[in-house]
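Going line by line, the protein sequences match chains A and B. Just so you know, we're using the numbering used here here: the first sequence kicks off at 841 and counts up by one. Just so you know, we're using the numbering used here here: the second sequence kicks off at 5 and counts up by one. Structure first, commentary second.
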Amino acid sequence: MPALRDVSFTVPRGSVLGVVGRNGAGKSTLLRSICGVLAPDEGRIVVRGRLNLLEPGLGMKQNLTGRENIKLGGLAAGFSEDRLAAITEEITEFAQLDEFIDYPIRAYSMGMRMRLGVAVAAHLDPEILLIDEALTGGDAAFQAHISQKMADLCGEGRTIVLVTHGLSSVRTMATEAIWLHQGQVAAHGDPEDVVAQYLRYSRLESMSTEYDDG
Amino acid sequence: MADDRTPNGNGLGRAPDTELDEAPSVLGAAPTLPAERKRRKRRAERRRRRRVAERSKQVETAPPTSPARLAGDDGDWSGEVQVFEPKTSAMPALRPYARSLWDRRQFMVEMAKADLRGRRSSTVFGSVWGILDPLFQAGIYYLLFTIIREGARPVDFLHVLIGGIFLFQLALIALNEAGQSIKGGKGLLLNSSFPRAMLPLTTLCKGVLKFLPTVGVYAMFHLLLGAPIGRGLLLLPVLFVLQLVLMAGIALTVSTAVVFFPDAGNAIQYVGRILFFTTPVIYPLDVIPPGIRAVLSWQPLFALFASYQEILDGGVPDVSLMLQVLAWAIGFLFVGCQLFLRHEREFALRV
């Protein structure tokens, strides 16, 4: 059974596309297809620009320190060691990890891992940044921090695709939004509208569940 | 300025605002009146323009200290265009594939080093185990061999045994660890797009790094035991390179097989054991009856380890033996590349 059907859209450069939808709606499949991890069965995906996919926790080596993970992530993205050495401090500072950067990742809390993941992805010079569920775990201060960083990136002409259950993140950060439902685009357009439609649907559905239960 | 931002122009997709209206029909929500639809559309468009305008303002006010800025900062981009189309089992172009692997060589080495460091930190003796383990094995097999052969030729085979076990342990990595590398690299596989052959090659790289110190240990044993030093030793680097090529071929073949037939993962340990006993590692070549040798020579590692044994014992392997090694190495690399590269796009779906 296909995870996505007839999904077709264009994301202009410099915009933030928020993607909302229930679990299993195909959001992560969409991101993985955009970055070439999963091949489509039909259709075509054209990506113009250097991509960076961020899914906190995945791809990080648990027994390595934060610093080593930064190095590996950077080398995988094609950075030279010198350039990485120059941005490691900046990433550490952004992720608010201080001395913990030299501790193995397995000792990190979920929030710390998420912060490191976001910091690495955001600093590796992506032209297109795909973010999956990264922003729902951080505290309020970090949320503000990352919002600012994303605004900076967009300001520089980078494009962001943000998949999240945090509807407020979509409302405040996205310039466009898509609501995916059962693998199809249920709505696409202004984030406020899309989120409102999604919420209305979710409320209707929970009402009908209550009715069924009753 | 806001309106200057145009879509990427890739011909995909419909205009965003038309979907707002189509959306409710997808889910069967209550239909809206046309006037209401138009009003909503205009409102949405106004809001979208406002947002884009706000972003544009941030372009002008963004501090120039940001670490990651595009060249020129005027909307230039790297020029990278990637097109992902339905999966096919066609071979990708080899030259760009090899280049993109080569570009990631530093990553492979660092990843291998980091993995080894991580493993060492969990035991007291750390990396010394990489040397102790084959030495203990050599000791045990030496004892066994001496008992079976009732003390015949005990000493002059010890260095061959030690060298053979060091080299065989390296060879086994292609089957065990590299064979499982696609399954084991699930996190990386799902997280980013890279030439998938990077995973088995990283494991081979780790094997070589682990093997390097054993060269020094072997040299020490070779000298201490007074083993012969012949001109055949000059062929060792050639054989070693052929071994690496053969290992790459085996790793690519096995790792593809394990993804498509998970049961193959269970069979690997038995294959490894069979290979160990059918390869001239723990017994000298001259104890094998000619009839059995003819059968065993069809085993991929036989010619390689027979050549090693000849060299470590002071001789020079036959040209025909060396050609067999070459044929196995190239043959396996060809088969491995065909299998792996034709199917690597399916890996993410199957792991």
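Here a beta-carbon is modelled for each residue, glycine too, at the ideal position from N, C-alpha and C. Computed from a predicted model, the values in this text were never measured in an experiment.
query                                                                                                                                                                          : result
Could you check which residue in B:Asp119, B:Pro217, B:Leu147, B:Glu181 has the C-alpha nearest to that of Phe170 of chain B?                                                  : B:Pro217
Could you name the residues of chain B that Pro842 of chain A contacts, counting a contact when the two beta carbons are closer than 7 angstroms?                              : Correct list: empty, because the minimum Cβ distance to chain B is about 12 angstroms.
Report the neighbours of Leu912 of chain A on chain B: residues whose CB is nearer than 8 angstroms to its CB, in chain order.                                                 : Phe111, Glu114, Met115, Ala118
Only counting runs of 4 or more residues, tell me where the alpha helix (DSSP H) segments fall wholly within the segment 986 to 1018 of chain A, in order along the chain.     : 1007 to 1013
Does the Cβ of Leu279 of chain B have 16 or more other Cβ atoms within 10 Å, making it buried, or fewer, making it exposed?                                                    : buried
Relative to the C-alpha of Ala984 of chain A, which residue among A:Met900, A:Leu964, A:Val958, A:Asp972 is closest?                                                           : A:Val958
Quick check on the DSSP output: what are the complete beta strand (DSSP E) runs of length 3 or more inside the segment 861 to 925 of chain A, in order along the chain?        : 885 to 888, 891 to 894
Would you please verify whether the beta carbon of Val860 of chain A is less than 8 angstroms from any beta carbon of chain B?                                                 : no
Compute the distance between the beta-carbons of Met112 of chain B and Cys209 of chain B, then report whether it is under 8 angstroms.                                         : yes
Mark Arg109 of chain B as exposed unless 16 or more other C-beta atoms lie within 10 angstroms of its C-beta, in which case mark it buried.                                    : exposed
Residues of chain A with CB closer than 7 angstroms to the CB of Glu181 of chain B, please, in chain order.                                                                    : Those within 7 angstroms of Glu181 of chain B in chain A number zero; the least Cβ separation is about 15 angstroms.
Are there 16 or more other CB atoms within 10 angstroms of the CB of Thr850 of chain A, so buried, or fewer, so exposed?                                                       : buried
Would you mind sorting Trp106 of chain B into buried or exposed? The rule is 16 or more other CB atoms within 10 Å of its CB.                                                  : exposed
Grab me the residues of Glu1032 of chain A's own chain with a C-beta within less than 7 angstroms of its C-beta, minus the 5 sequence neighbours each way, in chain order.     : Arg1011
Closer than 8 angstroms, CB to CB, is Asn863 of chain A near chain D or not?                                                                                                   : Looking at the structure shown, chain D is missing, and the protein chains on hand are A and B.
With DSSP as the reference, identify every bridge partner of Gly253 of chain B, one or two as the case may be.                                                                 : Paired residue(s): none; Gly253 of chain B is not in a bridge.
Do we get a CB-CB distance below 8 angstroms when we pair Ser259 of chain B with the residues of chain A?                                                                      : no
Where Gly861 of chain A and Asp881 of chain A are concerned, what is the direct C-alpha to C-alpha distance, given to the nearest angstrom?                                    : 22 angstroms
By Cβ distance, which residues of its chain are closer than 7 angstroms to His163 of chain B, with the 5 residues on each side in sequence left out?                           : Phe225, His226, Leu229, Ala231, Leu316
Does DSSP classify Gly230 of chain B as helix, strand or coil?                                                                                                                 : coil
Determine the direct distance from the alpha carbon of Ala333 of chain B to that of Val245 of chain B, and round the result to whole angstroms.                                : 10 angstroms
Any beta-carbon of chain A closer than 8 angstroms to the one on Gln4 of chain B?                                                                                              : Residue 4 of chain B lies beyond the stretch modelled for chain B, which goes from 5 to 355, so this question has no answer here.
Pairs of beta-carbons, one from the segment 196 to 215 of chain B and one from the segment 270 to 286 of chain B, closer than 8 angstroms: are there three or more?            : no
Report yes or no: is there a C-beta of chain A within less than 8 angstroms of the C-beta of Asp317 of chain B?                                                                : no
Would you say the segment 137 to 146 of chain B touches the segment 235 to 254 of chain B, given that touching needs at least three Cβ pairs under 8 angstroms?                : no
Please list the partners that Phe198 of chain B has in chain A, where partner means a Cβ-to-Cβ separation under 8 angstroms.                                                   : Ala916
I believe Pro966 of chain A touches Thr905 of chain A by the beta-carbon criterion, under 8 angstroms. Please report the beta-carbon distance rounded to the nearest angstrom. : Actually they are not in contact, since the Cβ atoms of Pro966 of chain A and Thr905 of chain A sit about 23 angstroms apart, beyond 8 angstroms.
Taking just the CA atoms, how far does Lys190 of chain B sit from Ile254 of chain B?                                                                                           : 20 angstroms
Go ahead and pull the three-state DSSP assignment for Ala1026 of chain A.                                                                                                      : strand
Quick one: which residues of the segment 318 to 350 of chain B get their C-beta closer than 7 angstroms to a C-beta of chain A? List them in chain order.                      : Arg349
In angstroms, rounded to a whole number, what distance separates the CA positions of Leu120 of chain B and Arg955 of chain A?                                                  : 26 angstroms
Within 8 angstroms, do at least three Cβ pairs link the segment 90 to 106 of chain B to the segment 988 to 998 of chain A?                                                     : no
Could one say the Cβ of Ser1009 of chain A lies closer than 8 angstroms to chain B's Cβ atoms, at least one of them?                                                           : no
Would you tell me roughly how many angstroms separate the C-alpha atoms of Pro96 of chain B and Gly876 of chain A, rounded to the nearest one?                                 : 14 angstroms
Just the chain B side, please: which residues come within less than 8 angstroms of Val1003 of chain A by C-beta, in chain order?                                               : Result: empty, since nearest Cβ-Cβ is about 14 angstroms, beyond 8 angstroms.
State yes or no: is the beta carbon of Leu105 of chain B nearer than 8 angstroms to at least one beta carbon in chain A?                                                       : no
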